[in-house]
Each structure stands twice: as structure tokens, then as C-alpha cells.
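Here the structure comes first, spelled out in C-alpha cells, and everything after it is commentary.
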Amino acid sequence: MNRADATVLTTSDAATAIITDGLRASGASVASWITPADATARQSGLFARTASRSAGWGLATAARTVITLWPTPAHLDAMAPHLLPYLAPGATWLQLGPHPAESAAALAGRAAGRGVALVHAPVGRTPDGGLLLSDRHRTALLRRPLAPAVRLWITRIPPLTEEI
1 MNRADATVLT
11 TSDAATAIIT
21 DGLRASGASV
31 ASWITPADAT
41 ARQSGLFART
51 ASRSAGWGLA
61 TAARTVITLW
71 PTPAHLDAMA
81 PHLLPYLAPG
91 ATWLQLGPHP
101 AESAAALAGR
111 AAGRGVALVH
121 APVGRTPDGG
131 LLLSDRHRTA
141 LLRRPLAPAV
151 RLWITRIPPL
161 TEEI
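Heads up: the sequence shown runs through residues 1 to 164, numbered per this note's numbering.
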């Protein structure tokens, strides 16, 4: 199996579908991994630890771009230790979920130490569950080396008028 342009990791079938459908419509090859929607942050971390021991995890995390959208900062904190060691140097991690800026900066520093560029760009949501992205975050994402299809997907996300 070839390395995907992007891997999407979330706790929601709906969020995964919105992101993967948008990426595929832009021409990207996409893999995904979903933890149960009702999983606590601790449970999500346990799922990730178990998954990280499987061959499929290596394929999923080998993508050029990894996109995460977890519902709480605690989910990201629980998942990151089982994700970061498996990301390939040169990968770009787009973290779209909520997380305090200081903590996201610390995680970005740890990622940089492994040769991974983490861009924290929390998205807003439309009433029907679609994504919204601020111009500042869009600019930050587009500064990264991304597959053309991933770049196109980012440009298609409607603008968020107020920063998160």
C-alpha cells in the first residue's frame, strides 16, 4: 500500500466524513482512524496505545500529512504520546481541535524535535457540522509543504469570521 497524502484521526464518524470527503474531492488519497465517539480521553489514549502496536498504525501514520480533530484538549494530550513517535520526519501534523495555545506550542516543540511540523489551527463548526477556518490559521497551514490536494482542500474550507 502506498503512503496516503493524508491520514485523518478523530473521535467522530461525522467529522471524519467531512474531512475525508473534502480531501478526496480535492484529489487526495486518504486513510482514517476513529476512536469511539463516546470514549473518554483516557480510553482514547488506550485505544491509540493498542493501535500503535499494530502494522496498520505504521501505515496510517506514514502519511505526509496527519490531521487530528479531537473534541477536547485532554483527548489530544492522551493521544499525542502514541502518535508523535510514529510520524515520519518531514510530516506535517494539522491539529484542528481545541487546545490551549501554550500547550499546543509545547507539543509543536516536541514535534519539531522529531522533524515533524505541527500546526495548531482550531476550526469552527457550522450548524450542519461543516468546518470553518480563520484566515490566520489558513495562512499558517498553507505555509507548510503539503500535497497539492491537501492544499486545495484547505483553500476550500469556508472562512471563520472570529478566531477561536
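Beta carbons: idealized from backbone N, C-alpha and C, even for Gly. These numbers come from a predicted model, not from an experiment.
Between the alpha carbons of M1 and V8, how many angstroms are there, rounded?
With a pLDDT of only 49 at M1, under 50, the local geometry of the prediction cannot be trusted, and no value is derived from it.
Less than 8 Å between the CB atoms is what I'm expecting for L141 and L94, so what's the real figure, rounded?
Correct: roughly 6 Å between the Cβ atoms.
Taking buried to mean at least 16 other C-beta atoms within 10 Å of its own C-beta, is S44 buried or exposed?
Its Cβ being crowded by 16 or more others within 10 Å, S44 is buried.
Given this structure, state the Cα-to-Cα distance separating L76 from P159, to the nearest angstrom.
Approximately 24 Å, taken between the alpha carbons.
Backbone CA spacing between G194 and T65 [nearest angstrom]:
Not covered by the structure: residue 194. The range shown for the chain is 1 to 164.
Please determine, among I157, I154, T161, V150, the residue with the shortest C-alpha to C-alpha distance to L6.
Per the sequence shown, the amino acid found at residue 6 is Ala instead of Leu. Comparing C-alpha distances from A6 to each of I157, I154, T161, V150 shows the shortest one belongs to V150.
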